[in-house]
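The structure under discussion appears below in the form of structure tokens.
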């Protein structure tokens, strides 16, 4: 090296304070990202928890069922886990095994509005008691449903089933008719009970969805009843309802026409005491030729409910008889041309084909 040439500069190592400062910055960055990551994870779990509570929780599960009823989507409601019941499940729930599912359809679902969740109580063992309020046809009600956590699906979302089915049963008594309607949907008890002939008084058990107001009545051409409203607000319970049908003017008119036809058939018999008829006469002399019966007016009937049919209460009338009577004493012939009073009772039946048939008989408790 030349004596006057300076040595090349050498690279200096960073001082100790500078090294500490660099490590401190890396540590702070690591901690910051760790905190941010932790917060993100916590936020994710919080969001998932909120989703599980508000979207996938027990209350939301019941809310989904109620929304199907509100939309009148009976088929979808029945597909929700724990809703539909077979015979063994009906029995286990304390409900009639023979109850019909004929009313579990769109046409029968009642109007449901003002749905609101009131509470969700953890009963333990995964069971929740969820209470919702509602209005049905303007009537306020509250229903509590028991649901149970069934499992978990990705990602950590709970699945639920009804621990107690939301179905209920209405024990419906229908007096004096076999036809009825539920929320305007027409049914015949024979299609539910399997009977081949109409019964005058009927009892059927029908499954219905909880909640809702169901209106039952029996109204047709021949009968009419007051509507019977039942608010079904308790699942898995038997609710009672009864309708009593009364005869319409059309039924009385049809029965009157049938009675008149029966009396006309009796009048065609050329005897003094027509067989199976409510009128007749006994004479001590001999009848020459055929006696002729006729009616100028028919007895006006009414109808009352009996034990197994409509009853025609005692009614009086006159049958006109014309006959030539020969005296057994002296052989003279006189013309008998008079009204013969009688008293009758009867029964009226509405047949499965919609016709009305009657039976009539002499009232044995009345004096002629």
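Residue numbers (the UniProt record's numbering): 1 to 368. Glycine included, each C-beta is placed from N, C-alpha and C at the ideal position.
Unbroken beta strand (DSSP E) run spanning residue i, endpoints
i: residue 142; result: 139-153
i: residue 133; result: 127-136
i: residue 166; result: Neither: residue 166 is in no beta strand (DSSP E) and is coded neither H nor E.
i: residue 334; result: 333-350
i: residue 244; result: 238-244
i: residue 123; result: 113-124
i: residue 178; result: Segment: none, residue 178 is in no beta strand (DSSP E) and carries neither H nor E.
i: residue 300; result: Run containing residue 300: none; DSSP gives neither H nor E here.
i: residue 201; result: 201-209
i: residue 231; result: 228-232
Three-state secondary structure (DSSP) of residue i
i: residue 273; result: coil
i: residue 282; result: coil
i: residue 328; result: coil
i: residue 260; result: helix
i: residue 47; result: In this prediction, residue 47 scores a pLDDT of 43, lower than 50, which makes its location untrustworthy; the coordinate-derived value is nonetheless stated afterwards. Correct three-state label for residue 47: helix.
i: residue 31; result: helix
i: residue 221; result: coil
i: residue 172; result: strand
i: residue 315; result: strand
i: residue 308; result: coil
i: residue 83; result: coil
i: residue 250; result: helix
i: residue 25; result: helix
i: residue 102; result: coil
i: residue 108; result: helix
Boundaries of the alpha helix (DSSP H) in which residue i is found, first to last residue
i: residue 443; result: There is simply no residue 443 to check, as the chain begins at 1 and stops at 368 in what is shown.
i: residue 191; result: 189-193
i: residue 76; result: 74-79
i: residue 361; result: That residue, residue 361, is in no alpha helix (DSSP H); its beta strand (DSSP E) goes 356-362.
i: residue 90; result: 87-92
Close beta carbons around residue i, own chain, < 6 Å, minus the five adjacent residues each side
i: residue 266; result: 274 and 277
i: residue 339; result: 318 and 320
i: residue 349; result: 309 and 357
i: residue 370; result: Since the first residue shown for the chain is 1 and the last is 368, residue 370 is missing from the structure and cannot be characterised.
i: residue 133; result: 116, 118 and 142
i: residue 108; result: 182, 183 and 185
i: residue 68; result: 76 and 77
Inter-residue Cα distance where the pair is residue i and residue j
i: residue 163; j: residue 308; result: 43 Å
i: residue 365; j: residue 300; result: 19 Å
i: residue 207; j: residue 138; result: 22 Å
i: residue 117; j: residue 171; result: 29 Å
i: residue 44; j: residue 56; result: Legend: pLDDT at residue 44 = 46, less than 50; position of this residue unreliable, value from coordinates given subsequently. Residue 44 and residue 56: Cα-Cα distance of roughly 16 Å.
i: residue 70; j: residue 167; result: 15 Å
i: residue 66; j: residue 75; result: 13 Å
i: residue 131; j: residue 174; result: 33 Å
i: residue 88; j: residue 229; result: 29 Å
i: residue 96; j: residue 237; result: 10 Å
i: residue 290; j: residue 324; result: 8 Å
i: residue 83; j: residue 111; result: 19 Å
i: residue 119; j: residue 128; result: 10 Å
i: residue 184; j: residue 194; result: 22 Å
i: residue 115; j: residue 64; result: 11 Å
i: residue 191; j: residue 178; result: 10 Å
i: residue 252; j: residue 302; result: 7 Å
i: residue 354; j: residue 334; result: 48 Å
i: residue 25; j: residue 33; result: 12 Å
i: residue 263; j: residue 219; result: 30 Å
i: residue 254; j: residue 261; result: 11 Å
i: residue 305; j: residue 311; result: 6 Å
i: residue 294; j: residue 328; result: 26 Å
i: residue 86; j: residue 269; result: 60 Å
i: residue 124; j: residue 149; result: 10 Å
Cβ-based neighbour list, residue i, same chain, cut-off 7 Å, excluding 5 preceding and 5 following
i: residue 240; result: 171
i: residue 99; result: 90, 169, 205, 206 and 207
i: residue 250; result: 221 and 222
i: residue 359; result: 346 and 347
i: residue 61; result: 147 and 160
i: residue 151; result: 159
i: residue 296; result: 320
Beta-carbon contacts of residue i that lie in its chain and below 8 Å, excluding the five residues immediately before and after
i: residue 232; result: 168, 170, 208, 209, 210, 211, 212, 213, 214 and 239
i: residue 332; result: 326
i: residue 136; result: 110, 111, 112, 113, 211, 212, 213 and 231
i: residue 256; result: 298, 300 and 301
i: residue 363; result: 278, 314, 343, 344 and 345
Quiz item: Looking at C-beta atoms only, is the number of pairs between the region 93-110 and the region 202-220 that lie closer than 8 Å three or more?
Solution: yes
Quiz item: Is it true that the region 276-296 meets the region 330-344, where meeting means three or more beta-carbon pairs spaced less than 8 Å apart?
Solution: yes
Quiz item: Quick check: the region 238-258 against the region 127-145, are there 3 or more CB pairs under 8 Å?
Solution: no
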